[in-house]
Amino acid sequence: MSKNFSKNLIDFLSGIKNYTTEKILINKIRYELKNKEFKMHLQFIVDNKTKRIVSSEALSRWETSEGEVIMPGKYIGLMEKSGLITKFDYYMFESVCDKLSKWAKTDFKELTISCNFTRITISEKDFVAKIKDIAERYEFDKLPHLIEIYEKQTG
């Protein structure tokens, strides 16, 4: 066998393995998104002068059914590639609304939570109607909250 044939065969088999692994991961993401295994974590923003929390940003973590915590860099790209990202963005927004609704009757009612959306989701023609529909299911002051456009990291 020639070296080129061996290299091409190894590349081909590696491609099949990567494709299969990716498909398995996408199916697992789909399943775990349906079962709410992606959790919202908050990163608080503190006023440097008063040392008080003034707002927060919603971050996601995939807490698998096996107990593993996976950072977004490992799954966001697969969600974008598979078309699950819009479902995920709305899922996270609903988590934010749920948290704000729970805070509405507490000392945290003044805190805001910014929520990231990908350009893919924001580009949907019914984006505003969808977020309005989700937000209206919850009781909280809707004026001061922030939506951010997720910038894909390269390199």
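Each number in our numbering comes from the position in the sequence shown (counting from 1) with 1 added on.
Beta carbons: idealized from backbone N, C-alpha and C, even for Gly.
The model shown is predicted, which means the values in this text are computed figures rather than measured ones.
query	result
Residue(s) in a DSSP beta bridge with L43	A59
DSSP-derived helix/strand/coil call for S96	helix
Closest by C-alpha distance to E64, when choosing among K29, L85, E81	K29
Other residues of its chain near K131: CB distance less than 8 Å, five sequence neighbours each side excluded	Y91, E125
Supposed close pair A59, M93 - CB separation, criterion 8 Å	6 Å
Whether S61 touches M41 by CB criterion (8 Å)	yes
S57 beta carbon less than 8 Å from that of I123	no
Assumed close pair I180, I86 - CB separation to whole angstroms, cut-off 8 Å	This structure gives no information on residue 180, because the portion of the chain shown stretches from 2 to 156.
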